[in-house]
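Peer 1:
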Amino acid sequence: MNIRIVAAYVVLLVLGIPWYWPTGQSRFYLGLPLWVLVSLAVGLVAAVLTAWLFLHETAGQEGEP
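This is the structure in C-alpha cells:
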C-alpha cells in the first residue's frame, strides 16, 4: 500500500470532519452552514480520488488472472 494514498485519505478525513470549526460561528453560504459545504466538497474529492485510484490501478491488470 502506498503511503501517499493513505496520507491523502487521512488529510481528507481531517478536513471533512468539522471538529475544527468554532461552535459560535455560523457563516452561511447558499443557505447552508459553511462547514456543510466544506464536508460535501471533501466527500466529493474523496470519491473522485477513489474512482481515479480504482481506474488507474486496475487498468494495468487487465491481462492478469
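This note's numbering applies: residue 429 is where the sequence shown begins, and numbers increase by one.
The beta carbon of each residue, even a glycine, is placed where N, CA and C say it ideally should be.
These numbers come from a predicted model, not from an experiment.
1) Within a Cβ cutoff of 8 angstroms, which residues of the same chain sit near L444, ignoring the five residues on either side of it in sequence?
2) Could you pull the DSSP bridge partners for P450 from this structure?
3) How far does the alpha helix (DSSP H) with L440 in it reach, from first residue to last?
Peer 2: Checking against the coordinates, here is how it stands:
1) The question names Leu, but residue 444 in the sequence shown is Gly. Counting only Cβ-Cβ distances below 8 angstroms, and skipping sequence neighbours, we find V466, S467, V470, G471 and A474.
2) Answer is none; P450 lacks a bridge partner.
3) I431 to G444
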